[in-house]
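Student:
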Amino acid sequence: MAIFTLLFATGVGAGFGLTVEIKRVLNALESSDGGFSNVDFSGNSDSFGAVNKFFDKVQVSTSLLLLATLSMAALSIGTSIVIYRK
């Protein structure tokens, strides 16, 4: 179980880092008008609005997964300590 928790934590960390970097790049493209102002990602006048909302939701969900994974790791370590002391 501990190995699965660590592998899951690695995936969650990678997903969180990826969403942060993609949001940073999209915000830079939006502010610099890097030739993508005519691209309509959302179907309305706000080109990057729907994409930013999507990545906000992704950040919230990966943050919750990270919290759950850290809790699971703490429980796994605590259980190992208790079993070792008996």
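For reference, each letter of the sequence shown is one residue, going -17 to -1, 1 to 69 in mature numbering (1 follows the signal peptide of the UniProt record, and there is no 0).
Every residue, glycine too, gets a C-beta built ideally from N, C-alpha and C.
Assuming contact is defined by CB atoms lying nearer than 8 Å, are Ala(-9) and Thr52 in contact in what I supplied?
Tutor: Against a cut-off of 8 Å, the Cβ pair of Thr52 and Ala(-9) comes out as a contact.
Student: Could you pull the start and end residues of the alpha helix (DSSP H) that Lys40 belongs to?
Tutor: First-last of the alpha helix (DSSP H) with Lys40: 32 to 68.
Student: If you pair each beta-carbon of the stretch 33 to 53 with each one of the stretch 4 to 16, do three or more pairs fall below 8 Å?
Tutor: With the cut-off at 8 Å, the stretch 33 to 53 and the stretch 4 to 16 touch.
Student: Excluding sequence positions up to five away, which residues of its chain have a Cβ less than 7 Å from the Cβ of Leu48?
Tutor: Excluding residues within five positions, the ones whose Cβ falls inside 7 Å are Val(-6).
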